[in-house]
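What follows is one structure encoded as structure tokens, with my remarks underneath.
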Amino acid sequence: IRDEFGVLKGHKQDGSGQTVLTTLKEALLEQIAKEGGGESFVATVGGDEVDRFVKSIDRLGRAVFEKKQASDYAEYYQFPLLISLFCFFLFVFVSRRRKAPRVWKGRFELASVVLVFGFCLSSYAQSEPDGKEKPNPYREKCLIDPKLSVGEDVQGLGVSAVFKTKDAIASFSDKKFSESLMKFTELSVENPDIPLLTFNLASGFVGAEQVDQAVKEYERLFTTAQTQDLKYLAAFNLGVLEAARMSPERPSAETSLKWYQKALEFRPDSIETKNNIELLIQQQ
Numbered sequence: 001i002r003d004e005f006g007v008l009k010g011h012k013q014d015g016s017g018q019t020v021l022t023t024l025k026e027a028l029l030e031q032i033a034k035e036g037g038g039e040s041f042v043a044t045v046g047g048d049e050v051d052r053f054v055k056s057i058d059r060l061g062r063a064v065f066e067k068k069q070a071s072d073y074a075e076y077y078q079f080p081l082l083i084s085l086f087c088f089f090l091f092v093f094v095s096r097r098r099k100a101p102r103v104w105k106g107r108f109e110l111a112s113v114v115l116v117f118g119f120c121l122s123s124y125a126q127s128e129p130d131g132k133e134k135p136n137p138y139r140e141k142c143l144i145d146p147k148l149s150v151g152e153d154v155q156g157l158g159v160s161a162v163f164k165t166k167d168a169i170a171s172f173s174d175k176k177f178s179e180s181l182m183k184f185t186e187l188s189v190e191n192p193d194i195p196l197l198t199f200n201l202a203s204g205f206v207g208a209e210q211v212d213q214a215v216k217e218y219e220r221l222f223t224t225a226q227t228q229d230l231k232y233l234a235a236f237n238l239g240v241l242e243a244a245r246m247s248p249e250r251p252s253a254e255t256s257l258k259w260y261q262k263a264l265e266f267r268p269d270s271i272e273t274k275n276n277i278e279l280l281i282q283q284q
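Each residue of the sequence shown is one higher than the last, beginning at 1 in the working numbering.
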């Protein structure tokens, strides 16, 4: 029997006080693993059993999702339409000021062509593929960089969860926010009680511009987090998101200020929090 530091403290004994000896029967373990649809690994010095084990459990927890390319469109039909109307009225005005012998009989046909050309341009759209950063007024203000650890947070992740988290963080860093959100969601479902993964999931929602879902996850994180660092991040980001949700129907900044004040309780010297409070008060 060994303690948490690996120091030998004693040996297991049966009812008669005899030392219990455990014998590794590798063939039996392989048979049990095979019958259960798995594999048996015995680590050796310099062997690749650990790598094979990691790949095996990673493969068991992998889910395949359907991918679909989507594009966002911004219509700019007003500009070519206004230009075509301007050209039309300019042409009519100039043609009326000319002397009768110089009037071109096809002026109305030309004006019609200009109008048709303007309407054809009205369907012009600008497409932004997934992965290209889009303007987001609150994403830049939030502290949302996904992490493997925060401050004194020593909540251990399984080997498979560590690899998946690194993969999700890489997608987030590449601004593939939809893809990273899918991965963070999968991790949170598999490990619902790890606050660090809740923070990463909330950050994924912010990246994907799903503010309401992000607020719910940050509120859950603030309740379950055990460290001041995670509680500060949750409170600060809730202050930013509540300010972003202000509208004519919800003009009050009370909720946002409440979260900023909570953030200062965990990090009193935070310049970012104090600056955001001042800006919020000035906007009222």
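Glycine included, every Cβ here is placed at the ideal spot set by N, Cα and C.
Just so you know, these numbers come straight off a predicted model, no measurement behind them.
| task | Tell me, to the nearest whole angstrom, how far the beta carbon of Ser-256 is from that of Glu-242; I am working on the premise that it is less than 8 Å. | result | That belief holds up - the Cβ atoms of Ser-256 and Glu-242 are roughly 4 Å apart, short of 8 Å.
| Within 7 Å, strictly: CB atoms of Phe-205 and Lys-231 | no
| field | Beta carbon of Leu-143 nearer than 7 Å to that of Phe-236 | value | yes
| task | Using a threshold of 7 Å, state whether the C-beta atoms of Ala-208 and Phe-184 are closer than that. | result | Taking 7 Å as the Cβ cut-off, Ala-208 and Phe-184 do not qualify as a contacting pair.
| Rounded separation between Phe-332 and Pro-195 - CA only | Past the edges of the chain, shown from 1 to 284, lies residue 332, and the structure says nothing about it.
| said: Mapping the DSSP letters down to three states, classify Val-20 as helix, strand or coil. | reply: coil
| message | Among Tyr-260, Ser-56, Glu-179 and Glu-49, whose alpha-carbon lies nearest the alpha-carbon of Lys-141? | response | Tyr-260
| Who are the near neighbours of Tyr-218 in its chain, counting only those whose CB is closer than 6 Å to its CB and skipping five residues on each side? | Ala-202, Ala-234, Asn-237 and Leu-238
| request: Please name the residue or residues paired with Gln-13 in a DSSP beta bridge. | output: Listed as beta-bridge partners of Gln-13 by DSSP are Thr-19.
| message | Just verifying my parser: in three-state terms, what is the DSSP assignment at Gln-226? | response | Of the three classes helix, strand and coil, the one that applies to Gln-226 here is coil, per DSSP.
| Would you call the CB atoms of Ser-40 and Leu-28 closer than 7 Å? | no
| Any idea if Pro-192 is buried or exposed, counting beta-carbon neighbours within 10 angstroms, 16 or more meaning buried? | Exposed, by the Cβ-count rule.
| message | Measuring alpha carbon to alpha carbon, tell me which residue in Glu-254, Val-240, Lys-55 and Ala-253 is nearest Glu-272. | response | Answer by Cα proximity: Val-240.
| query | Is Pro-146 near Phe-163, with beta carbons less than 7 Å apart? | reply | no
| In chain order, what residues of the same chain lie with their CB nearer than 7 Å to the CB of Ala-253, ignoring the 5 residues before and after it? | Ala-243, Met-246, Leu-280 and Gln-284
| DSSP state of Phe-41, grouped into three classes? | DSSP, reduced to helix, strand and coil, places Phe-41 outside both helices and strands of the structure shown, so it counts as coil.
| message | So, at 6 Å on beta carbons, what are the nonlocal neighbours of Leu-181 in its own chain, with the 5 sequence-adjacent residues on each side left out? | response | Gly-204 and Ala-208
| Per-residue burial, Ala-168 [other beta carbons within 10 Å of its own, 16 or more giving buried] | Around the beta carbon of Ala-168, 16 or more other beta carbons lie within 10 angstroms, which makes this residue buried.
| task | For Glu-317, count neighbouring Cβ atoms within 10 angstroms of its own Cβ and tell me buried if that reaches 16, exposed if not. | result | Residue numbering for the chain in the displayed model covers 1 to 284; residue 317 lies beyond these limits and cannot be assessed.
| request: Classify Thr-165 as buried or exposed, calling it buried when 16 or more other Cβ atoms lie within 10 Å of its own Cβ. | output: buried
| request: Indicate the three-state DSSP secondary structure (helix, strand or coil) for Lys-334 in the structure shown. | output: In this structure the chain extends from 1 to 284, so residue 334 is not present and cannot be described.
| request: Counting only the same chain and skipping the five closest in sequence on each side, list residues whose C-beta sits under 6 Å from that of Leu-197. | output: Result list for Leu-197: Leu-187, Ser-188 and Asn-191, in chain order.
| query | Which first and last residues belong to the alpha helix (DSSP H) in which Ile-32 is found? | reply | 26–35
| message | Taking only three categories from DSSP, how would you classify Asp-174? | response | coil
| said: Tell me the rounded alpha-carbon separation between Arg-139 and Cys-87. | reply: 42 Å
| request: Could you tell me the distance, in whole angstroms, from the CA atom of Arg-220 to the CA atom of Gly-17? | output: 50 Å
| request: Could you tell me which of Gln-31, Lys-55 and Lys-274 sits nearest to Gly-158, measuring between CA atoms? | output: Lys-55
| Lys-216 versus Thr-23 - alpha carbon distance | Looking at the two C-alpha atoms, the distance is approximately 51 Å.
| query | Sorted by chain position, which residues of the same chain lie with C-beta nearer than 7 Å to Asp-14's C-beta, five sequence neighbours on each side aside? | reply | Residues Val-20 of the same chain have their beta carbon placed closer than 7 Å to that of Asp-14, with the five preceding and five following residues left out of the count.
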